[in-house]
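Colleague: I have a structure I would like to understand better, so I am pasting it below and will then ask my questions one at a time.
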Amino acid sequence: MTIWNLGGINADYVYSVPHIPTPGETLDGSNRRVFLGGKGANMSVAAARAGAHVCHIGAVGSDGRWAVDRLMEYGVDPRAIEEIETDTAHAMVFVAEDGENGIVVYPGANREIPEQTLKQALTQAESGDWFVTQNEVNLQTAGVKLAYDMGLNVAYAAAPFDAKSTEPLLPFLHFLILNEIEAKQLKAATGKGPSELNVKDVIVTKGGDGAIWFGPKGQVHIPPVPVRPVDTTGAGDTFTGYVLAGLDRGQPMEQALATAAKAAAIMVTRHGTADVIPDLKDVANF
Ligand code: RIB
Numbered sequence: 001m002t003i004w005n006l007g008g009i010n011a012d013y014v015y016s017v018p019h020i021p022t023p024g025e026t027l028d029g030s031n032r033r034v035f036l037g038g039k040g041a042n043m044s045v046a047a048a049r050a051g052a053h054v055c056h057i058g059a060v061g062s063d064g065r066w067a068v069d070r071l072m073e074y075g076v077d078p079r080a081i082e083e084i085e086t087d088t089a090h091a092m093v094f095v096a097e098d099g100e101n102g103i104v105v106y107p108g109a110n111r112e113i114p115e116q117t118l119k120q121a122l123t124q125a126e127s128g129d130w131f132v133t134q135n136e137v138n139l140q141t142a143g144v145k146l147a148y149d150m151g152l153n154v155a156y157a158a159a160p161f162d163a164k165s166t167e168p169l170l171p172f173l174h175f176l177i178l179n180e181i182e183a184k185q186l187k188a189a190t191g192k193g194p195s196e197l198n199v200k201d202v203i204v205t206k207g208g209d210g211a212i213w214f215g216p217k218g219q220v221h222i223p224p225v226p227v228r229p230v231d232t233t234g235a236g237d238t239f240t241g242y243v244l245a246g247l248d249r250g251q252p253m254e255q256a257l258a259t260a261a262k263a264a265a266i267m268v269t270r271h272g273t274a275d276v277i278p279d280l281k282d283v284a285n286f
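Heads up, the sequence shown is in the working numbering, so the first residue is 1 and it goes up one at a time.
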């Protein structure tokens, strides 16, 4: 089947810093590298490297042709990425010595994806395919509703988190992934915990404590894979892309989650984003 990913595509400018800058502080970065990134692009690459057929739906400016080429090189179908007259999105990513990050995103073309591009792309989708989106693009609601009406499996990675964007999507979701702080924020907004959202599968990631799957079997804890992190950027996106790829290939949720946990663990030992996402061979050798 196919994973249709309505997602952001960013140029990631990654700076190594001693710590994440505090208000009013100026720091020297010791290193600057440019990667393909964006939560959407990262998920597309992760799912493709996990063996799925992935069609990315999005937009870039003429300055983003390299990103489209790179997605294609990484096995993602880029035919539904529109070139528009708005700059490609970029992100300033500060990575501290302990591997933690701080990110500022300039949304650019990611928030101007033409509705026709989305609709045209999904005319090729079939019942049973997956549709996934995140909170870095426009058309999330339109995409989620259209995919739901077409009988697709609908997934939402609620990042960057905003309860107001997430809440209206809930009735149309089969799969929701968020971290534990976001789960608390969603509970504050809706009054409902993960098992009360009426979404078939809800995954709450807990960083070094693994993840919890709230699904038909109740709560299942997915243990962490211990590693020494050097850069956590894109690890969550890698996890999501791998889980969806596993489910798309018919794996049971526990198996998809266990593989995803390994892929995310490898990812935090690497510097960079989409370009360095591990493939299934890396995961098998881990
Ligand atoms: O989740 C990591 C991603 O967040 C980075 O690639 C950056 O582009 C931002 O979107």
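Glycine is no exception: its CB is placed at the ideal position from the N, C-alpha and C atoms.
#1: Quick check: does the Cβ of Thr238 come within less than 7 Å of any heavy atom belonging to the ligand RIB?
#2: With DSSP as the reference, identify every bridge partner of Tyr156, one or two as the case may be.
#3: Going by beta-carbon coordinates alone, are Thr273 and Phe35 separated by less than 8 Å?
#4: Between the stretch 53 to 64 and the stretch 79 to 95, do three or more beta carbon pairs fall short of 8 Å?
#5: Looking only at its own chain, which residues have a Cβ that is under 6 Å from the Cβ of Pro21, when we skip the five neighbours before and after it?
#6: Name the DSSP beta bridge partners of Ala59, please?
#7: Taking 7 Å as the cut-off, is the CB of Ala96 close to at least one heavy atom of the ligand RIB?
#8: List the endpoints of the continuous beta strand (DSSP E) containing Tyr15.
#9: In three-state DSSP terms, what is Tyr106?
#10: Closer than 7 Å: is that where the CB of Glu136 sits relative to any heavy atom of the ligand RIB?
#11: Less than 7 Å between the CB of Ala48 and some heavy atom of the ligand RIB, yes or no?
#12: By Cβ distance below 6 Å, which residues in the same chain neighbour Phe131 in space, the five residues on each side in sequence not counted?
Modeller: On the basis of the coordinates in this document:
#1: False, no ligand heavy atom lies under 7 Å from that Cβ.
#2: Answer by DSSP bridge pairing, in chain order: Thr133, Leu176.
#3: Going by C-beta atoms, Thr273 is nearer than 8 Å to Phe35.
#4: In this structure the stretch 53 to 64 touches the stretch 79 to 95; the number of beta carbon pairs closer than 8 Å is three or more.
#5: Within its own chain, the residues whose Cβ lies closer than 6 Å to the Cβ of Pro21, once the five positions on either side in sequence are excluded, are Leu27, listed in chain order.
#6: Looking at the DSSP assignment, Ala59 forms a beta bridge with Glu82.
#7: For the ligand RIB, not one heavy atom lies less than 7 Å from the Cβ of Ala96.
#8: Counting along the chain, the unbroken beta strand (DSSP E) around Tyr15 starts and ends at 10 to 16.
#9: Under the three-state reduction of DSSP, Tyr106 is assigned to strand.
#10: Yes.
#11: Not one heavy atom of the ligand RIB is found less than 7 Å from the C-beta of Ala48.
#12: Excluding sequence neighbours, Phe131 sits near Trp4, Ala147, Leu152, Val154.
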